[in-house]
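Everything in the sequence shown is counted per my numbering, starting at 372 for the first residue and increasing by one. We put the CB at the ideal spot given by N, CA and C, even for glycine.
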Amino acid sequence: MAPLNLTAFYLPSLMSVLLRFEVKPFAEPTILDSYDYIIIGSGFGGSVVANRLSGNLEHNVLLLEAGSKDNVTAHVPILSTTLINGGYDWKYETVPQKMACHGSSNNICKLVSGKVVGGSSVLDLMGYFRGHKEDFDKWEKLGNPGWSYDDVMPFFKKSENYRMDGECVESEFHGCGGDLFIGPLPEGAEGEETKYLMEGAKEMGLEEIDYDGRTQVGVSRCHFTMRNGVRQSAATAFLRPVKERPNLHISLDSLVHKIIIDSETKTATGVQFEKDGKIIEVKAKKEVILSAGVYSSPKILMLSGIGPKEELEKFKIPLIADLPGVGQNLLEKISSFVIFTTGKTFSEERENVISTPTIKEWNKGTGLMASSSGMDAVALMRSKYADKNSELADLLILYQSFPLYATTEPFFKAAFGYGDEFWANHFIPYVNKEIGILHPIVLLPKSKGSVTIRSSDPHDLPVIDPNIYEDERDMKVLSEGVRMASEFINTTLFKKNKFYIGKPLKDECEEFGDPLSDEHTACFLKYSTTTKWCACCSNKMGPESDPMAVVDHRLRVRGIKNLRIADASVMPQQYSALPGAGVIMIGEKAAHMIKEDNQ
């Protein structure tokens, strides 16, 4: 049985493949005293901004990343779960949740977030999903001119290099010629049961769609940020191709302490950060762009004296700007699961995730190693609680053909974040068995949480409370999602192949009887609900009339000159998709506005 870790025997073969894609390390720069632009964070938002601003060779750009360089594993799609909870992960956690995360230790959910060049795009499942026209039209109606669907669509398409069967596909809904390769899973990477979901959804009345097309209610195969079987992280797509630019400095292992702000003029003048044990201050001649993500961006603002007055006073941080919305309005997509199984045992060959045959396939850009850990297709649905005046799907059911082998089980346990007892009850019985997992996901959660600071020490992680089920509507929607996911077991191909719904060794909620009763489902969700690593909105964009808005429609931090934010934290509300594509769009639009304002 082949071990999952990369052995010395297989490493040279993997390296030879990756060299074809120019996966080379970043040279460490000599830090200058000043730059025109300083960007904090190298996820999709920061990497796009760095790429676009450094395109003008007259402007010097410094990109600061708290994490380190990536390695071979980061480029192999099937191995994404091996990186979670390791050195590339910030290892954020929620505070104990009253109504969720009870299947995890101390009622605390894990929050996966990348601490590596490329940010969370190195750890995610690579799904690319834009959202519905109505989502962005709502953003504009909230008082954010320039953010309607028609306004943002060109910025989505600017980055896209959408490929089908190796050919670039340009259309009303897909861009061609951008930096980011996007397309369906390659041959041999899709799970055998994906067609069961596709056909089952049609039996349930859903139409097969392109979820980045005209409509988003239906069933669709996923699109992925992948090129010939290799992950397209933010670093791969936007930084490596331009890393030799003489005016772009990329400094890794650089933990930002604070943004330096002139207290009299309220102007961002530079950044203080720590590297190799030394505190360094660098001046910004034009702007500082904060792209540290939903959890770190509010933290850095507060450490810089920008945020709720009472929060800063608590830690004796001098107040520069009293912005009560910093760290508030946190919105996190939540999920549960339904296990389908045949009870059959996998062959040993299928468990060999990394082997000479699979590496040969991957060398051609195909096969199991190009799989996104089983994320293949999604059904986008409207629950009975969906807004009757809207066309938006409020539920996404993700089908994962789950490679839960003895060798992969520890990594999936880390990714799910469940505690030992819950994992042993619900998942260990299916190790090396044929299973698929349906994950119902609440796309438009109503429960609002917060991000605050733990202390004035920049090394301390923030305090994160998603406040799951603070709004009872979220539990109602996810309860219906569990029932809708369970209905797939009655469709033709699942029945024909003798799948049944898996049962735990011990049912924590057996006192409530029928597993699909309202009482049992509510109890099950208390244990099984986890976050889906899709948070937003903790520094939301809004008009001056909104006291909780942190940035204006041009992403400028209110009351502070020369400081912008370009990441998911500026989204004014959740939208009916996964956030990666939206963050890329925000990066593109931010870079465009920065160049406009600094001509």
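Extent of the continuous alpha helix (DSSP H) run through residue i
i	result
E780	780 to 787
Y533	Y533 -> not in any alpha helix (DSSP H); beta strand (DSSP E) instead, spanning 531 to 535.
L896	889 to 899
I957	951 to 968
E511	504 to 512
E732	727 to 734
V848	843 to 858
Pairwise C-alpha distance: residue j and residue i
i	j	result
E792	E682	37 angstroms
I402	K649	12 angstroms
G807	I872	10 angstroms
A962	V419	8 angstroms
E959	L887	45 angstroms
S827	P837	22 angstroms
V466	K685	19 angstroms
Q970	L661	21 angstroms
D968	A606	26 angstroms
A764	G559	30 angstroms
A692	S475	38 angstroms
Q699	A939	13 angstroms
Y406	V447	35 angstroms
E578	G589	5 angstroms
K966	S484	29 angstroms
E762	H545	21 angstroms
K629	H503	36 angstroms
Supposed contact pair residue j and residue i - C-beta distance, whole angstroms, cut 8 angstroms
i	j	result
A421	L626	About 18 angstroms; that fails the 8 angstroms criterion.
I705	I839	6 angstroms
S668	I936	6 angstroms
L701	S909	5 angstroms
A741	P557	5 angstroms
K715	K804	7 angstroms
M956	I824	M956 to I824, Cβ: 29 angstroms. No contact.
I651	G641	No, I651 and G641 are not in contact; Cβ-Cβ is about 10 angstroms, not under 8 angstroms.
H430	Y459	With 8 angstroms as the limit, H430 and Y459 do not qualify as a contact, their Cβ atoms being about 30 angstroms apart.
I812	F711	About 17 angstroms; that fails the 8 angstroms criterion.
Y666	I455	Actually they do not touch by this definition, with Cβ atoms about 16 angstroms apart.
Y770	A748	5 angstroms
Y756	R844	6 angstroms
Cutoff 8 angstroms: residue i Cβ touching any chain B Cβ
i	result
P800	No chain B appears in the structure shown, which is made up of a single protein chain.
Within 8 angstroms, strictly: CB atoms of residue i and residue j
i	j	result
F552	R616	no
N515	P816	no
L766	M752	yes
T901	C539	no
A856	V709	yes
H924	G554	no
A750	L949	no
G498	G951	yes
V697	N933	no
D441	R501	no
V488	L610	yes
Extent of the continuous beta strand (DSSP E) run through residue i
i	result
P669	Looking at the DSSP string, P669 is not in any beta strand (DSSP E); the run it does join, the alpha helix (DSSP H), is 664 to 674.
T640	638 to 646
H628	626 to 633
S821	821 to 823
L751	746 to 752
G589	589 to 592
K649	649 to 661
S772	766 to 772
Y776	Note, Y776: premise wrong, no beta strand (DSSP E); not H, not E.
K715	709 to 716
heavy atom of the ligand GTP below 7 angstroms from residue i C-beta
i	result
N910	Of ligands this structure carries none, so the ligand GTP is not represented either.
Exercise for review: Check whether the region 407 to 414 touches the region 487 to 502, taking contact to mean three or more Cβ pairs, one atom from each stretch, closer than 8 angstroms.
Suggested key: Touching, yes, given that three or more Cβ pairs across the two stretches are closer than 8 angstroms.
Check your understanding: Using 8 angstroms as the threshold, is the region 509 to 517 in touch with the region 434 to 453, meaning 3 or more CB pairs across them?
Key -> At 8 angstroms Cβ cutoff, the stretches do not touch.
Exercise for review: Decide yes or no for the touch test of the region 581 to 596 against the region 722 to 739: beta carbon pairs closer than 8 angstroms, at least 3 of them.
Suggested key: Because the criterion of three Cβ pairs below 8 angstroms is not met, the region 581 to 596 and the region 722 to 739 do not touch.
Practice item. Flag this pair as touching only if the region 858 to 869 and the region 917 to 924 have three or more C-beta atom pairs under 8 angstroms; answer yes or no. Key: Three or more Cβ pairs closer than 8 angstroms define a contact, and the region 858 to 869 falls short of that threshold against the region 917 to 924.
Check your understanding: Is there contact here, the region 921 to 931 with the region 890 to 905, by at least three beta-carbon pairs under 8 angstroms?
Key -> The way I'd put it, the region 921 to 931 doesn't touch the region 890 to 905; fewer than three beta-carbon pairs between them come closer than 8 angstroms.
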